[in-house]
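A.B. asks:
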Amino acid sequence: MSHNFKNWPIVVGLTIASVPIIFMYVFLFVDTVTDTLPGEMMPNRFTLEHWRFLWENIEGKASVWLAMLNTLIFASSVTIIVLSVSSTASYALSRLNIPFRKEFLAGILMLHAFPSITLIIAIFLVLQMIGLYNTLFGVILVKASLQLPLGIWIMKGFYDAVPWEIEMAGIQDGASRFVVWYRLVLPQVRPGFLALGLFSFLEGWSEYILPAILAPANEVQMLSVYLASLISDDQHFDFNLFKSVGLFYATPVIIFYLFFQDKLMNIYGGGTKG
Amino acid sequence: MEIVIENFTKRFGDLTVIENMNLIIKEGEMLSLLGPSGCGKSTTLFAICGIARMDEGRVFFGEKDVTHTPTQQRNIGVVFQSYALYPHMTVAQNIAFPLTVRHESKQTIKKEVGEMAELVHIEDLMDRRPEQLSGGQQQRVALARALVRKPGALLLDEPLANLDAKLRLEMRSEIRRVQLETGISAVLVTHDQVEAMSMSDRIAIMKDGKILQVARPAEMYQYPENDFIASFLGNPPIAFLDGIVSDENVVIQSVDLKLPVPENIEVPPNGTSIRLGVRPEFYQPHHPHKIPGTVSFVEIQGRENLYDINLKDGSLLRSIQPADVSPLSPGTKVDWGVQPEQLLFFDKSGKRL
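For the record, the sequence lines run as chains X and C.
Those letters in the first sequence? Residues 0 to 273, by numbering that gives the first Met the number 0.
Those letters in the second sequence? Residues 0 to 352, by numbering that gives the first Met the number 0.
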């Protein structure tokens, strides 16, 4: 710690600035287990009623556990697709002398820059036509392909940093191109691989607009859609229920961040050292 | 294993880097490819191991034509300039890698890796990772990895370039020791003439993609085929004086020198331009044919002193002499001389007579 300046003013300043946010988090939690009379600040009774969605189905909706399972399947599938395609595609783009490589890379970048929401009607029509509307599989495909351009670019950056000589040495040692990639090069880009995996999973977990439009039915509903539908009903707002589901929805992400934040930092670091 | 390169040509786009090269590396010898950077020596090396494709020509390992054999099947060990160790593997795993990709049994791998470690003296480092090793140790690991599958030949691409001076000396003799102990044919690529001279059985000197001369180190030093080779070998380097033949003598008017042409050289006709190569060890105080000048620079090297001498016409000669307690200071006038038999005579095109 540097002694060139006193750090207590900074600590005090940051604390004051953070108080409202901390307050919001505290009350988010408190509200899910209490009732508060209208117009009052402090809760007046403890209750687990707002968490009832865990053990019974909310009227007109499927089980929250099904939504949880759907979200999990969605996020994991997207992650697996993004990882397997971008780790191989970007290796090819980084190392192999394929025709139109430059144009291809530029095209990928264009795709990434393109706002995906503008494609949504076309995608909707396509999915409907091929019969994948209202299926998990369809929305997984759409999300994964929209996620791929960024993944390919990130992985390519990591591959570019791996020295050629390691591959030449591998070939010289008698290994095939595939073994060289799998056993020598892939371990060098491990930090990028892990970061991209986490990133894709979190992206999938928090995705709302695609499942809301392409897979709104109860049996394929995801947590984000489930959550939004709780307050889309004009008849009865149950904000405490909404908050409880929201907390339920966010908890895995928060745990994820706590465990893997150093890995996530890597995606912007870009180095080969893990 | 004997390696034969026949009519090798390599182009990068429109640029021909190597044209029609022929070279033979004999069984069990260490051959150096020596030359300035960009002369095509590494390209030649990579053509032998198959990493670089040949545009024309053929390579033979012994009797076998391997021109179209993939790198993986050529069974050649290579030590790269950066060593190219696999950073995520331990030393033992690094050395074992060529055997694991061949699916050798665990016992065989353990035994062979142990033997290699012993050969290059790294038994204590087996569990470390490359980043925990010094440059010299990494070099030893790279050497062990290249040799572990008993390759037909060992190729070394500037193996000492990344080491500091002291380690370089040590690894020079280490690499040579390992090569002699295993009796493997080896090719060493280097731009450092000291490395080439001290480590190899023969040197092939290259310039602009051509091999100028292939000879044993001492032979090449004493009988270079042209002035480029003469200037490339030797440290401190050779100095040149330009003269003209006149009645069985070489005359250099500008410094009032008249030298008889030695008997073993056929005297060129009068008026021919001649280039004299004077090595520093042959420009000495006691030699008969004096070339006076002024000391312009003194370099104390401990055992020897190196003097740069400016001649009357502005050209430069170097002299290396045993160390003296009171070396001459710059500005001193000297009257040192040469011996015609010790000098190298080149014609106008640079060819030695």
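C-beta atoms are modelled at their ideal positions from N, C-alpha and C, and glycine is treated no differently.
Spell out the partners DSSP gives A185(C) in its beta bridges.
C.D. replies: The partner list for A185(C) (beta bridge, DSSP) reads M29(C), L153(C).
A.B. asks: Would you please verify whether the beta carbon of D159(X) is less than 8 Å from any beta carbon of chain C?
C.D. replies: Cβ-Cβ to chain C under 8 Å: no for D159(X).
A.B. asks: Along the alpha helix (DSSP H) that carries W7(X), what are the first and last residues, could you check?
C.D. replies: Where W7(X) is concerned, the enclosing alpha helix (DSSP H) stretches over 7-31.
A.B. asks: Distance, Cα to Cα, I153(X) vs L71(X)?
C.D. replies: Each residue's Cα considered, the two are about 24 Å apart.
A.B. asks: Are the C-beta of V249(C) and some C-beta of chain X separated by less than 8 Å?
C.D. replies: Not closer than 8 Å to any Cβ of chain X, the Cβ of V249(C) fails to qualify, so no.
A.B. asks: Report the option in Y220(C), G330(C), E5(C), E180(C) whose CA atom is closest to the CA atom of G56(C).
C.D. replies: Answer by Cα proximity: E5(C).
A.B. asks: With a cut-off of 8 Å, does the C-beta of Q171(X) fall near any C-beta of chain C?
C.D. replies: For Q171(X), the answer is yes, since a Cβ of chain C falls inside 8 Å of its Cβ.
A.B. asks: Thinking just about the alpha-carbon of each residue, which of G313(C), T181(C), Q92(C) is nearest to the one in D172(X)?
C.D. replies: Comparing Cα positions, the closest option is Q92(C).
A.B. asks: Around the Cβ of A227(X), are there at least 16 other Cβ atoms within 10 angstroms (buried) or fewer (exposed)?
C.D. replies: Under this definition A227(X) is an exposed residue.
A.B. asks: Quick one: what does DSSP say I4(C) is sitting in, helix, strand or coil?
C.D. replies: Here I4(C) sits in strand by DSSP.
A.B. asks: Would you list the residues sitting across from D334(C) in a DSSP beta bridge?
C.D. replies: Note: D334(C) sits in a beta bridge opposite P291(C).
A.B. asks: Among all the DSSP beta bridges, which residues are the ones paired with M205(C)?
C.D. replies: In DSSP, M205(C) forms a bridge with I210(C).
A.B. asks: Using the Cα positions of L108(X) and L147(X), report the straight-line distance between them to the nearest angstrom.
C.D. replies: In a straight line, the C-alpha of L108(X) is about 10 Å away from that of L147(X).
A.B. asks: In chain C, which residues lie less than 7 Å from V188(X) when you measure between Cβ atoms?
C.D. replies: Correct list: empty, because the minimum Cβ distance to chain C is about 11 Å.
A.B. asks: Assign G196(X) to one of two classes, buried (16 or more other C-beta atoms within 10 Å of its C-beta) or exposed (fewer than that).
C.D. replies: With 16 or more Cβ atoms within 10 Å of its Cβ, G196(X) is classed as buried.
A.B. asks: Can you tell me whether D307(C) is buried or exposed? The criterion is at least 16 other CB atoms within 10 Å of its CB, across all chains shown.
C.D. replies: Buried.
A.B. asks: Taking CB distances under 8 Å as the criterion, tell me whether H87(C) reaches chain X.
C.D. replies: Chain X contact via Cβ: present.
A.B. asks: For W204(X), does the count of other Cβ atoms within 10 angstroms reach 16, so buried, or fall short, so exposed?
C.D. replies: Buried: at least 16 other Cβ atoms inside 10 Å.
A.B. asks: Please look up how many angstroms separate the CB atoms of T78(X) and F200(X), rounded, as I've assumed it's under 8 Å.
C.D. replies: Sure, about 5 Å apart at Cβ, within 8 Å.
A.B. asks: Residues of the region 85-106 of chain X in Cβ contact with chain C at a cutoff of 8 Å, in chain order, please.
C.D. replies: Those residues of the region 85-106 of chain X that come within reach of chain C (Cβ to Cβ, closer than 8 Å) do not exist; the list is empty.
A.B. asks: Is the Cβ of A168(X) closer than 8 Å to any Cβ of chain C?
C.D. replies: Yes - at least one Cβ of chain C is within 8 Å of the one on A168(X).
A.B. asks: Tell me whether V297(C) sits in a helix, a strand or coil according to DSSP, three-state version.
C.D. replies: Three-state result, V297(C): strand.
A.B. asks: Since W163(X) and Y90(X) should fall inside the 8 Å C-beta cutoff, what is the C-beta to C-beta distance between them, to a whole number of angstroms?
C.D. replies: That belief does not hold up - the Cβ atoms of W163(X) and Y90(X) are roughly 13 Å apart, past 8 Å.
A.B. asks: DSSP three-state call for S272(C): helix, strand or coil?
C.D. replies: If DSSP states are grouped into helix, strand and coil, S272(C) belongs with the strands.
A.B. asks: Name the DSSP beta bridge partners of D307(C), please?
C.D. replies: Answer is F296(C), R317(C).
A.B. asks: Does G270(X) pass the burial test, meaning 16 or more other C-beta atoms within 10 Å, or should it be called exposed?
C.D. replies: Unreliable positioning characterises G270(X) in this predicted model, as indicated by a pLDDT of 43, which lies under 50. A coordinate reading is not provided.
A.B. asks: For the region 7-68 of chain C, which segments carrying the beta strand (DSSP E) assignment without a break, of at least 3 residues, lie completely within its bounds, in sequence order?
C.D. replies: Listed in chain order, the complete beta strand (DSSP E) runs (minimum 3 residues) inside the region 7-68 of chain C are 14-24, 29-33, 55-60.
A.B. asks: Using 8 Å for Cβ pairs, my map puts R167(C) next to M198(C). What's the rounded Cβ distance?
C.D. replies: Actually they do not touch by this definition, with Cβ atoms about 11 Å apart.
A.B. asks: Can you give me, in chain order, the residues of the region 101-135 of chain C that have a beta carbon less than 8 Å from any beta carbon in chain X?
C.D. replies: Here the close residues are R101.
A.B. asks: Are there three or more Cβ pairs, one per stretch, closer than 8 Å when the region 66-74 of chain C is compared with the region 8-22 of chain C?
C.D. replies: In short, these stretches do not touch, since the Cβ pair count stays below three.
A.B. asks: Give, in chain order, every unbroken run of the alpha helix (DSSP H) that is at least 4 residues long and sits entirely within the region 156-205 of chain X.
C.D. replies: Listed in chain order, they are 163-171, 189-205.
A.B. asks: Taking the straight line between their C-alpha atoms, what separation do you get for L185(X) and G151(C)?
C.D. replies: Near 30 Å, if we compare the C-alpha coordinates of G151(C) and L185(X).
A.B. asks: Against chain C, does A174(X) count as a neighbour if the rule is that its beta carbon must be under 8 Å from one of theirs?
C.D. replies: Yes, A174(X) counts as interfacial toward chain C.
A.B. asks: Helix, strand or coil: which one does DSSP assign to G134(C)?
C.D. replies: Three-state result, G134(C): helix.
A.B. asks: Less than 8 Å between C-beta atoms, sequence neighbours within five positions excluded: which residues of the same chain meet that for P42(X)?
C.D. replies: Cβ neighbours of P42(X) beyond the five flanking positions: V29, D30, T33, D34, T35.
A.B. asks: Measure the CB-CB distance between R354(C) and V90(C) and report whether it falls below 8 Å.
C.D. replies: No answer is possible for residue 354(C): it lies beyond the span of chain C, which begins at 0 and ends at 352.
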